[in-house]
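S.K.: Dropping the structure in here first, questions after.
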Amino acid sequence: MTDFLNFIDGAWCAPSTGAWFENRNPADTRDLIGRFPASGVDDVERAIASAERGFERWKRTPAPARGDVLRRVGDLLASRKEELAALMTREMGKPLAETRGDVQEGIDTAYYAATEGRRLFGHTVPSELRNKWAMSFRRPIGVTGLITPFNFPLAIPTWKMFPALVCGNSVVFKPSEDVPHTAHVFVEILLEAGLPPDVIQLVHGYGEVVGKAIVEHPKVPVLSFTGSTATGSFVGETAGRMHKRLSLEMGGKNAQIVLDDADLELAVDGVLWGAFGTTGQRCTATSRLILQDGIHDRFVARLIERASALRLGDGRVAGTDVGPLIHEASRAKVEEYVAIGRAQGAELALGGTRPTDEALAHGYFFQPTIFTNVQAGSRLEQEEIFGPVLSVIRVGDASEAFRVNNGVKYGLSSSLYTRDVSLAFQALQELDNGITYVNAPTIGAEAHLPFGGVKQTGNGHREGGWEVYEFYSETKVGYVDYSGALQRAQIDNY
Ligand code: UN1
Numbered sequence: 013m014t015d016f017l018n019f020i021d022g023a024w025c026a027p028s029t030g031a032w033f034e035n036r037n038p039a040d041t042r043d044l045i046g047r048f049p050a051s052g053v054d055d056v057e058r059a060i061a062s063a064e065r066g067f068e069r070w071k072r073t074p075a076p077a078r079g080d081v082l083r084r085v086g087d088l089l090a091s092r093k094e095e096l097a098a099l100m101t102r103e104m105g106k107p108l109a110e111t112r113g114d115v116q117e118g119i120d121t122a123y124y125a126a127t128e129g130r131r132l133f134g135h136t137v138p139s140e141l142r143n144k145w146a147m148s149f150r151r152p153i154g155v156t157g158l159i160t161p162f163n164f165p166l167a168i169p170t171w172k173m174f175p176a177l178v179c180g181n182s183v184v185f186k187p188s189e190d191v192p193h194t195a196h197v198f199v200e201i202l203l204e205a206g207l208p209p210d211v212i213q214l215v216h217g218y219g220e221v222v223g224k225a226i227v228e229h230p231k232v233p234v235l236s237f238t239g240s241t242a243t244g245s246f247v248g249e250t251a252g253r254m255h256k257r258l259s260l261e262m263g264g265k266n267a268q269i270v271l272d273d274a275d276l277e278l279a280v281d282g283v284l285w286g287a288f289g290t291t292g293q294r295c296t297a298t299s300r301l302i303l304q305d306g307i308h309d310r311f312v313a314r315l316i317e318r319a320s321a322l323r324l325g326d327g328r329v330a331g332t333d334v335g336p337l338i339h340e341a342s343r344a345k346v347e348e349y350v351a352i353g354r355a356q357g358a359e360l361a362l363g364g365t366r367p368t369d370e371a372l373a374h375g376y377f378f379q380p381t382i383f384t385n386v387q388a389g390s391r392l393e394q395e396e397i398f399g400p401v402l403s404v405i406r407v408g409d410a411s412e413a414f415r416v417n418n419g420v421k422y423g424l425s426s427s428l429y430t431r432d433v434s435l436a437f438q439a440l441q442e443l444d445n446g447i448t449y450v451n452a453p454t455i456g457a458e459a460h461l462p463f464g465g466v467k468q469t470g471n472g473h474r475e476g477g478w479e480v481y482e483f484y485s486e487t488k489v490g491y492v493d494y495s496g497a498l499q500r501a502q503i504d505n506y
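Take the sequence shown: its letters are residues 13 to 506, numbered as in this note's numbering.
In C-alpha cells:
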C-alpha cells in the first residue's frame, strides 16, 4: 500500500489529522492506487504561511525567468506524456486517447505561459500634460487558492496554475479527491523544473475541510474554482464578503443544433464525441441535441445505430470508446435522471441501464443513453447531469432552435451544423454561450483561446488564452512627470 503525501513548506509531509482516504480505479474498484492525506485546517494554515513567503521571492523574479520554469515544465510533461496518461486513466477512467489529450492541453498551456512571461503587456499612452509619461503595467497579487475538478486532472490545474505563476503569484493547490495521483506527479514535475518549493503547496483532502479553509482564509486574495454550481455559489458568497478576486467555471447544459441542410454524417460524428466522450463528464459535454423536423427521424435512427456500437470498458484497453463514471454517486445521479426523464414522458431510445457484462461489474459503468421526444423546459432538458445522457428535442426551424438553446440557465458551449453561412454567423451572434462551434462538437476548446461561459456557468472571467493573465495580475498605473513644475491634471492642460 502506497501512502502519498502533501507538499507543504518545501517538504513532502503526512497530514496533521493522521487521516487518509483511498483512491481507487473507477473501472475496477478492486484496484487500489494508494492512500492520500485527508488534510485538516492546520495543513492549510501551514501551506498558506509558506506560500506567502514564496510569494515575496517569486514576485521579484523577472517574468521571463518565471516563464522559463514553465517551459521546462512543458518539456517534462511532454517527456512523461504516456506515463501521465496511463496513471490518469487508471484513476479517473477516460480512455488513453483522451488522457493523452489532457496532458497535451497541459503542455500547450505551459508553452503559451512560457512565452507570455516575455509579454504581460501594459500600455503606454500619451499624457494630457507636457513632459509627463503615463503607463500601465501588471503586478502580481499574492497567494492564489486553486480548486480543481476530476474530469481534466492535469489540464484544468495547468489552466489556473501556469498563468498564476507567470504573473508572479504563489499557489495553494487543492485537487479533486478523485484524482490526487495526477496532482502528485504534476507537483513533482513542477519541482523538478525548478519552481521554488515554497511557491507551490499541494494540500490533498475534502472540499468541505481543505477547500473551505482555503476559500475562507484572509491571506488568499485570489481564488479559482471549477466545479458544481452549488459549490461555486458558496465560494462566490465567501469571496464577495471578503472582497476576493474569484474566477468560477461551473455547469453546462450544452446543445448541438442540426439543421435540415447539414452534413448529417459529420453531425452524427460530432454528437457521438460531444455527448459520450469523457462519459459525458465535461462541462462542455453535449447533453442536448436539437434537431430540425426535416432530418429528425433519419438522424435519430443513424445516431442510435452508431451509439449502440460504442464500446464501454477500461480506458487502458485498446478499442474502448467510453469509460466508467467517476464514482457511485455519479452513477446514482444518472439513474435518477433516467427515472425523471421517463416520468416526464420522454422516450428512452437507447441505454438507460448499467451494462450487464461481467467484465464491467466492478466499475461505475453506465450505458450511453439517448432520450427522444424531450420537451424544452422539462427537467431532463434543463438540468446538468454530468453523465452519458443525451436529450433529443425536435424543432421547426433555426430560430426555434436558437430559442431552445438559450432557454437554460447555463451558457458554456453550443454547436450548429449547417451549410448556410448566414445562419452560421447568426448563431455566433444569437446563441448565449461563451463558445459556439460551427460544424464541430460542443467539446474541444483550444488551450490558447479564452474559455468560459455566460449566465450561471461562470462569473464573467475566462481561463486560457490572453484574458486569464489579467485575472491573475493587478493593473497598476505609473505617471512620471519630468517637467520640473507642478502640473495639475484636469486643470493645467490645453
Ligand atoms: C471542462 O469540461 O471543464 O473544451 C473542460 C473541452 C476541453 C475542456 C473541458 N478542452 O472540452
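Virtual Cβ for every residue (Gly too), placed ideally from N, Cα, C. Because the structure is a prediction, the values reported are computed rather than measured.
Go ahead and label E277 buried or exposed: buried means 16 or more other beta carbons lie within 10 angstroms of its beta carbon, across all protein chains shown.
M.R.: Taking the sequence shown and counting its residues from 1, one reaches residue 277 at position 265. Classification for E277: exposed.
S.K.: How is M100 classed by DSSP in three states: helix, strand or coil?
M.R.: On the sequence shown, residue 100 is found 88 positions in, with the first residue counted as 1. In the structure shown, M100 sits in a helix (DSSP, three-state: H, G or I).
S.K.: Could you tell me whether the Cβ atoms of G306 and D272 are closer together than 8 Å?
M.R.: Here residue 306 refers to the residue found at position 294 of the sequence shown. Here residue 272 refers to the residue found at position 260 of the sequence shown. Against a cut-off of 8 Å, the Cβ pair of D272 and G306 comes out as a contact.
S.K.: Which of helix, strand or coil does DSSP assign to R354?
M.R.: Counting from 1 along the sequence shown, the entry for residue 354 is found at position 342. It is helical.
S.K.: Between the Cα of Y429 and the Cα atoms of H460, V420, D409, which residue gives the shortest distance?
M.R.: Translated into positions along the sequence shown, residue 429 becomes position 417. Of H460, V420, D409, the residue nearest in Cα terms is D409.
S.K.: On a CA-only basis, which of A23, V221, K172 is nearest Y481? Give me that one, please.
M.R.: Here residue 481 refers to the residue found at position 469 when the sequence shown is read from its first residue. The candidate whose alpha carbon is nearest that of Y481 is K172.
S.K.: So, helix, strand or coil for V56, using DSSP?
M.R.: Against the sequence shown, residue 56 aligns to sequence position 44. Reduced to three states, the DSSP call for V56 is helix.
S.K.: Express the C-alpha separation of E117 and S240 in angstroms, rounding to a whole number.
M.R.: By 1-based counting over the sequence shown, the position of residue 240 is 228. By 1-based counting over the sequence shown, the position of residue 117 is 105. Between S240 and E117, the C-alpha separation is close to 22 Å.
S.K.: Would you mind stating whether L284 and R328 have Cβ atoms separated by less than 8 Å?
M.R.: For the purposes of this step, residue 284 is identified with residue 272 of the sequence shown, where counting begins at 1. For the purposes of this step, residue 328 is identified with residue 316 of the sequence shown, where counting begins at 1. Against a cut-off of 8 Å, the Cβ pair of R328 and L284 comes out as no contact.
S.K.: My understanding is that P192 touches H216, with C-beta atoms under 8 Å, so please give their C-beta distance in whole angstroms.
M.R.: For the purposes of this step, residue 192 is taken as the residue at position 180 of the sequence shown. For the purposes of this step, residue 216 is taken as the residue at position 204 of the sequence shown. About 5 Å separates the two Cβ atoms, so the contact holds.
S.K.: Note down the Cα distance separating P208 from L82, rounded to an integer number of angstroms.
M.R.: On the sequence shown, residue 208 is found 196 positions in, with the first residue counted as 1. On the sequence shown, residue 82 is found 70 positions in, with the first residue counted as 1. Taking the straight line joining both Cα atoms gives about 12 Å.
S.K.: Which of helix, strand or coil does DSSP assign to S425?
M.R.: Taking the sequence shown and counting its residues from 1, the one referred to as residue 425 is at position 413. Looking at S425 - three-state DSSP - the assignment turns out to be strand.
S.K.: Select from L44, C25, L166 the residue whose C-alpha is nearest the C-alpha of R92.
M.R.: The count along the sequence shown starts at 1 and reaches residue 92 at position 80. Out of L44, C25, L166, L166 has the C-alpha closest to the C-alpha of R92.
S.K.: Would V234 and T250 be called neighbours here (beta carbons separated by less than 8 Å)?
M.R.: What you label residue 234 is simply residue 222 of the sequence shown in a count that begins at 1. What you label residue 250 is simply residue 238 of the sequence shown in a count that begins at 1. Not closer than 8 Å, so no.
S.K.: Going by Cα to Cα distance, which pick from R391, V489, A205 is closest to H135?
M.R.: One-based indexing of the sequence shown puts residue 135 at position 123. Nearest of R391, V489, A205 to H135, Cα basis: V489.
S.K.: Cα separation between A267 and S390?
M.R.: Counting from one through the sequence shown, the residue named residue 267 turns up at place 255. Counting from one through the sequence shown, the residue named residue 390 turns up at place 378. C-alpha separation (whole angstroms): 15 Å.
S.K.: For A59, tell me which candidate among N418, Y123, F19 has the shortest Cα-Cα distance.
M.R.: To locate residue 59, count along the sequence shown from 1; it is residue 47. Closest option to A59, Cα to Cα, is F19.
S.K.: What are the uninterrupted segments assigned as alpha helix (DSSP H) that are 4 or more residues long and contained completely in the segment 150–230, given in chain order?
M.R.: The qualifying runs are 167–178, 192–204, 224–227.
S.K.: What is the rounded straight-line gap between the Cα of K467 and the Cα of G423?
M.R.: In the sequence shown, the residue the question calls residue 467 occupies position 455. In the sequence shown, the residue the question calls residue 423 occupies position 411. Using only the alpha carbons, I get a separation of about 6 Å.
S.K.: Near T41, what residues of its chain come up, given a Cβ to Cβ distance below 6 Å and the 5 sequence neighbours on each side ignored?
M.R.: Start at 1 with the first residue of the sequence shown, and residue 41 comes out as number 29. Counting only Cβ-Cβ distances below 6 Å, and skipping sequence neighbours, we find H374.
S.K.: Rounded to whole angstroms, what is the Cα-Cα separation between F33 and V155?
M.R.: For the purposes of this step, residue 33 is identified with residue 21 of the sequence shown, where counting begins at 1. For the purposes of this step, residue 155 is identified with residue 143 of the sequence shown, where counting begins at 1. Distance between the alpha carbons of F33 and V155 is about 27 Å.
S.K.: Return the first residue and the last residue of the alpha helix (DSSP H) that L88 is part of.
M.R.: Within the sequence shown, numbered from 1, the residue matching residue 88 stands at position 76. Taken as a continuous stretch (DSSP letters only), the alpha helix (DSSP H) holding L88 covers 75–91.
S.K.: Excluding the 5 residues flanking P336 on each side, which residues of the same chain have their C-beta closer than 6 Å to its C-beta?
M.R.: Position 324 of the sequence shown, counting from 1, holds the residue named residue 336. Once the five neighbours on either side are set aside, the close Cβ partners of P336 are P38, A39, G105, G375, Y376, F377.
S.K.: What I want to know is whether the C-beta of I159 ends up closer than 7 Å to one or more non-hydrogen atoms of the ligand UN1.
M.R.: Along the sequence shown, read from residue 1 onward, the residue named residue 159 stands at position 147. Incorrect: I159 has no Cβ contact closer than 7 Å to the ligand UN1.
S.K.: Based on Cα-Cα distance, which residue from I45, D210, A75, I352 lies nearest to G66?
M.R.: Locating residue 66 in the sequence shown gives position 54, where the first residue counts as 1. Among I45, D210, A75, I352, the Cα nearest to that of G66 is on D210.
S.K.: Any idea what DSSP makes of L435, helix, strand or coil?
M.R.: Residue mapping note: residue 435 aligns to position 423 of the sequence shown, counting from 1. Correct three-state label for L435: helix.
S.K.: Using the beta-carbon count (16 or more within 10 Å), is Y484 buried or exposed?
M.R.: Sequence index remark: in the sequence shown, residue 484 carries index 472 (1-based). Flag for Y484 reads buried.
S.K.: Can you tell me whether I302 sits near the ligand UN1, meaning its C-beta is under 7 Å from at least one heavy atom of the ligand?
M.R.: As a position in the sequence shown, residue 302 is number 290, starting the count at 1. Not under cutoff, so the answer is no.
S.K.: Following a CB-centred definition, is G282 positioned closer than 7 Å to any heavy atom of the ligand UN1?
M.R.: For the purposes of this step, residue 282 is taken as residue 270 along the sequence shown, with counting starting at 1. The answer is no for G282.
S.K.: Can you tell me whether G470 is helix, strand or coil according to DSSP?
M.R.: Taking the first residue of the sequence shown as 1, we reach residue 470 at position 458. Strand at G470.
S.K.: Alpha carbon to alpha carbon, what distance is there between N35 and I45?
M.R.: In the sequence shown, residue 45 corresponds to position 33, counting from 1. In the sequence shown, residue 35 corresponds to position 23, counting from 1. If I take the Cα positions, the gap works out to 6 Å.
S.K.: So what does I20 bridge to, in DSSP terms?
M.R.: Position 8 of the sequence shown holds residue 20. According to DSSP, which records beta bridges pairwise, I20 is partnered with A23.
S.K.: What does a CB cutoff of less than 6 Å around I269 pick up in its chain, not counting 5 residues either side in sequence?
M.R.: Locating residue 269 in the sequence shown gives position 257, counting from the first residue. Result list for I269: I302, A413, L428, in chain order.
S.K.: Which complete alpha helix (DSSP H) runs does the segment 262–337 hold, if anything under 4 residues is left out?
M.R.: Whole alpha helix (DSSP H) segments, 4+ residues: 276–288, 305–320.
S.K.: Quick one: is the Cβ of T384 within less than 7 Å of any heavy atom of the ligand UN1?
M.R.: Counted from its first residue, the sequence shown places residue 384 at position 372. Checking the Cβ of T384 against the ligand UN1 gives no.
S.K.: Within the same chain, show all residues whose beta-carbon is closer than 6 Å to that of R112, passing over the 5 residues directly before and after it, in chain order.
M.R.: One-based indexing of the sequence shown puts residue 112 at position 100. Hits under 6 Å: A97.
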